[in-house]
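Everything below concerns the one structure shown next.
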Amino acid sequence: MSQKPPPKQFIKNPINGTKFTLLISSAKGGVGKSTVAVNLAFALQNLGLKIGVLDADVYGPSLPKLIDLNEKPKSEDGKALVPVEKYNAQCMSMGFLVDEQTPMIWRGPMVISALKTMTQKVLWKNLDILIIDMPPGTGDTQLTFAQEVKVEGAIIVSTPQDLALLDVKRGIQMFDKTGVKIIGLIDNMSFFKGDDGKEYKIFGEGGVEKTAKEFNKDFLGKIPLNQDLRNSADKGDPLTRSNPEHEISKIFLEIAKKVKINLS
Ligand code: ADP
Numbered sequence: 000m001s002q003k004p005p006p007k008q009f010i011k012n013p014i015n016g017t018k019f020t021l022l023i024s025s026a027k028g029g030v031g032k033s034t035v036a037v038n039l040a041f042a043l044q045n046l047g048l049k050i051g052v053l054d055a056d057v058y059g060p061s062l063p064k065l066i067d068l069n070e071k072p073k074s075e076d077g078k079a080l081v082p083v084e085k086y087n088a089q090c091m092s093m094g095f096l097v098d099e100q101t102p103m104i105w106r107g108p109m110v111i112s113a114l115k116t117m118t119q120k121v122l123w124k125n126l127d128i129l130i131i132d133m134p135p136g137t138g139d140t141q142l143t144f145a146q147e148v149k150v151e152g153a154i155i156v157s158t159p160q161d162l163a164l165l166d167v168k169r170g171i172q173m174f175d176k177t178g179v180k181i182i183g184l185i186d187n188m189s190f191f192k193g194d195d196g197k198e199y200k201i202f203g204e205g206g207v208e209k210t211a212k213e214f215n216k217d218f219l220g221k222i223p224l225n226q227d228l229r230n231s232a233d234k235g236d237p238l239t240r241s242n243p244e245h246e247i248s249k250i251f252l253e254i255a256k257k258v259k260i261n262l263s
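In terms of numbering that gives the first Met the number 0, the sequence shown opens at residue 0 and continues consecutively.
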């Protein structure tokens with residue numbers, strides 16, 4: 000009797016050159032996913048891990064700006080790309096390959112083909128962990144990614160707003176259905192601490208933690224709205240790297256410790 004091949008979604012290709020691969024995802028744009036991805040990556044570096052960052056947000060790549068890098072990756076054989084090094088991290092982004100001003104008016108299949116190149120044709124070297132900044136949402140691109148790339152886990156970033164939380168539930172379901180382990184949820188822009196010492200809950204309160212509980216997932220932590228975090232992102236030097244002693248960097252470090260334990 001001939002054996003049936005396993006369902007397609009379970010044929011997942013690992014990314015070579017890294018021990019662990021971690022997706023940072025958000026079901027909605029503008030919640031700070033890229034900022035969290037990059038700062039978490041450098042918090043993991045502060046724990047002694049050798050890190051790589053892959054910006055898979057092909058429509059709106061932000062890594063070049065977040066680490067102030069705009070160098071074309073080299074290729075020795077015309078096929079595989081050598082990641083670009085910055086701050087002792089190996090980096091790759093669609094933004095290194097296309098002009099910053101060029102609008103990405105690609106259709107789904109082109110995006111998927113670009114993602115295949117980014118996941119299969121990049122020569123990562125001896126990484127402990129590769130952090131992948133995913134495109135926002137739960138559409139075809141994200142689904143293909145979750146189905147075809149072998150990863151050790153995913154983190155979902157959200158603001159506490161009801162509107163964002165609805166999408167988070169979709170994100171959780173997408174990873175659950177595709178067999179991707181959810182390491183946990185992060186609440187970004189949780190509150191703003193005024194000069195008066197008061198915490199202002201601009202986007203609501205506690206929703207991400209509640210959603211984590213509802214779906215039996217870990218809650219990894221809350222990151223406040225903070226001007227230094229925004230400034231460092233705009234300057235292209237992530238806060239966790241430029242100022243590891245900052246109170247916000249310490250929050251990222253605590254989250255990084257949880258991630259490290261969870262992965263090992
Ligand atoms: P996404 O990747 O979800 O689209 P970004 O990481 O690009 O979001 O963040 C959107 C904007 O919000 C950026 O200007 C970024 O600097 C800012 N930002 C993100 N998180 C915070 C935060 N916790 N405090 C202050 N600004 C933040």
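Here a beta-carbon is modelled for each residue, glycine too, at the ideal position from N, C-alpha and C.
Remember, it's a predicted structure, so these values are computed and weren't measured experimentally.
Give the straight-line distance between the Cα atoms of residue i and residue j, rounded to the nearest whole angstrom.
| i | j | result |
| --- | --- | --- |
| G206 | F41 | 27 Å |
| Q141 | T116 | 15 Å |
| E75 | G235 | 28 Å |
| I66 | A55 | 15 Å |
| P13 | G196 | 47 Å |
| N15 | K216 | 28 Å |
| V110 | D139 | 10 Å |
| I10 | G28 | 29 Å |
| E244 | V52 | 22 Å |
| I155 | L43 | 17 Å |
| V148 | T17 | 13 Å |
| F218 | L96 | 35 Å |
Please report the residue range of the alpha helix (DSSP H) in which residue i lies.
| i | result |
| --- | --- |
| N38 | 32-45 |
| S248 | 246-262 |
| F95 | 93-96 |
| G206 | 206-213 |
| S241 | 238-241 |
| K64 | 62-65 |
So, is residue i buried or exposed, given that buried needs 16 or more other C-beta atoms within 10 angstroms?
| i | result |
| --- | --- |
| Q226 | exposed |
| M91 | buried |
| S231 | buried |
| Y209 | Just to set this straight, residue 209 is Lys in the shown sequence, not Tyr. Per the 10 Å Cβ criterion, exposed. |
| S263 | exposed |
| K180 | exposed |
| R240 | buried |
| E84 | exposed |
Between which two residues does the beta strand (DSSP E) containing residue i stretch?
| i | result |
| --- | --- |
| K85 | 83-85 |
| D227 | Element bounds for D227: not the beta strand (DSSP E) but the alpha helix (DSSP H), 226-234. |
| T20 | 17-24 |
| G51 | 50-54 |
| G183 | 181-192 |
| D132 | 126-132 |
| S74 | Taken as a continuous stretch (DSSP letters only), S74 belongs to no beta strand (DSSP E), as it is neither H nor E. |
| A145 | Element bounds for A145: not the beta strand (DSSP E) but the alpha helix (DSSP H), 139-147. |
| I154 | 152-157 |
So residue i packs on residue j, CB below 8 Å; how close in whole Å?
| i | j | result |
| --- | --- | --- |
| L114 | W123 | So it is not a contact: roughly 15 Å between Cβ atoms. |
| D127 | I50 | 7 Å |
| V121 | I182 | The Cβ separation is near 23 Å, so there is no contact. |
Quiz item: Between the segment 130-137 and the segment 56-72, are three or more C-beta pairs nearer than 8 Å?
Solution: The way I'd put it, the segment 130-137 does touch the segment 56-72; three or more beta-carbon pairs between them come closer than 8 Å.
Self-check item: the segment 164-180 contacting the segment 224-238, beta-carbon criterion three pairs below 8 Å
Solution: They do not touch, by the three-pair rule.
Practice problem: Decide if the segment 197-204 is in contact with the segment 168-184; the criterion is three or more beta carbon pairs, one per stretch, under 8 Å apart. | Solution: A contact between stretches requires three or more CB pairs, one per stretch, nearer than 8 Å, and the segment 197-204 fails this requirement with the segment 168-184.
Quiz item: Do the segment 151-162 and the segment 180-188 meet, that is, are 3 or more Cβ pairs less than 8 Å apart?
Solution: Because the criterion of three Cβ pairs below 8 Å is met, the segment 151-162 and the segment 180-188 touch.
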